[in-house]
Amino acid sequence: MNQVPPLDLTEEVKNQWEELNSAIQEVLRSGQFILGEHVESFEQKAAEHIGVNHAVGVNSGTDAIIIGLRSLGIEPGDEVIAPSFTFFATAEAISMVGAEPVFVDIEPRSFNLDPAKVEEAITRKTKAILPVHLFGCPAAMAQIWEIARENDLYVLEDCAQSFGAEYAGNCIGCWGENCPDDARGMMTGNMTGSLGQVGAFSFYPTKNLGAYGDGGLITTDDTEVAETARMLRKHGGENKYHNEVLGYNSRLDAIQAAILEVLLEKVPEFNQRRREIAQRYSDEIREINDIVTPQATEGHVFHQYTIRVLGDQRDELKESLQEDGISSKVFYPVPCHQLPVYEDQDHGQLPESEQASGQVLSLPIWPQMEEDTQRQVIESIKKYFN
Ligand SMILES: *Cc1c(COP(=O)(O)O)cnc(C)c1O
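Note that my numbering numbers the sequence shown so that position 265 is 263, with each residue one more than the last.
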């Protein structure tokens, strides 16, 4: 019996061995390891790929959100609306800026922020909406953008799980000829990361575009935001030793940038493979009554292939898979509003987020996953429900 991990990066490394090696060696020869030409070159290519004017490399996805929020002027006392059903870093970043995360429930099918519930969460203190494209599925950006525009709020996208995901709706789709001038140039592209004022990406190794260490990226069309982000990532000083504000030590390093530049070209192919694997899972397990397969939203890049297991069987199925050597994952067992760190705040009830936490199970998926390996997972699931 073969062990099936949640994902396996060794094939990716093996397949790109030569290219990765020469990219790393080039950095070694250059003698410049933090920021510099390799980082600039990657930033430029990433910006082009995503369809934005500026990309700013930082230390992690968490820092990309923190610095992104600060570059928009979010400060202590402000409120930022975010989904509760997400990785903790989304909420943590809002709190680290000194702002307050206001948790809103999700749409049960997409697991993403429910735009119908955003408006009632807006107060005088609300400054921004922070949708997450969870599991690689684009959030309902047209609706979110419309609410943001009506209420004069910023939109910062958490794109940590959605590199390469494309949003099916676009600027024309939102307002048509009524598209106001102040919205022009905002929802310009259709890639996640180009749909709000700021996009925040993570290059944690397991993400759809992953470095071989930590890394992150801030994307924006706004030159001022980009300049502020560039300043904040190096201690808040445009000129060394003349610091203007309190910033961070949060820079992308050159070896990671060189690796990312190699992998950037492969992402469309990797994401296509993820979609094919997702399709096969859905075709094979859709018939099982107690499983809800994920919505195959256009542009979804399946960072995770996440099913719902009905009837309190999730943990049992997970265990049964484990007995067959298959590792599945629960992203996320506790919604943010119920985490100990936020227990002092009253967030009300978010029934969809709570239910999702009890039902979700992410199955093994990675671009190089072999069909035989996937069959093993499918057979094990079928066996459990037989
Ligand atoms: C991974 C992730 C982050 C944080 O990224 P790091 O690079 O690990 O700091 C933030 N939000 C979401 C949704 C993530 O999946």
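C-beta: ideal position from N, C-alpha, C; glycine also.
Distance from the CA atom of Ile216 to the CA atom of Leu132, rounded to whole angstroms, is 17 Å. Positions of the beta strand (DSSP E) runs, each at least 3 residues long and wholly inside the region 293 to 353, are given as 303 to 307 in order along the chain.
Taken from the Cβ of Ser351, every heavy atom of ligand 1 lies 7 Å or farther away. According to DSSP, residue pairing for Val102 in a beta bridge involves Pro81. When the alpha-carbon of Asp220 is set against those of Phe201, Ser192 and Leu207, the nearest one is in Ser192. Within the same chain, Gly234 come within 7 Å of Leu244 by CB-CB distance, once the 5 residues on both sides are set aside. Comparing alpha carbon positions, the residue from Gly346, Met229, Ala294 and Ser280 closest to Arg373 is Ser280. Annotation for Ala276: no beta strand (DSSP E) segment contains it, though the alpha helix (DSSP H) segment containing it runs Val265 to Ile283.
Shortest gap from the CB of Ser58 to any heavy atom of ligand 1: under 7 Å. Taking C-alpha positions only, Gly346 is separated from Phe86 by approximately 18 Å. Boundaries for Tyr246: no beta strand (DSSP E) harbours it, and the DSSP string shows neither H nor E there. Contiguous beta strand (DSSP E) elements confined to the region 12 to 43 do not occur, taking only those with 3 or more residues. The Cβ neighbour count for Arg284, taken over all protein chains shown within 10 Å, is under 16; the residue is labelled exposed. For Asp219, no beta strand (DSSP E) segment is defined, and its DSSP state is neither H nor E. Taking one beta carbon from each stretch, the region 51 to 65 and the region 224 to 234 have 3 or more pairs nearer than 8 Å; the two touch. Here the alpha carbons of Lys316 and Val78 stand approximately 35 Å from one another. For Leu154, there is no enclosing alpha helix (DSSP H); the residue is part of the beta strand (DSSP E) that begins and ends at Tyr152 to Asp156.
Taken from the Cβ of Gly211, every heavy atom of ligand 1 lies 7 Å or farther away. As DSSP reads the structure, Phe199 sits in a beta bridge with Leu215.
Counting only residues of its own chain and dropping the five nearest sequence neighbours on each side, Gly309 has a CB closer than 8 Å to the CB of Asp288. Contact between the region 120 to 136 and the region 155 to 164 is present: 3 or more CB-CB pairs across the two stretches fall below 8 Å.
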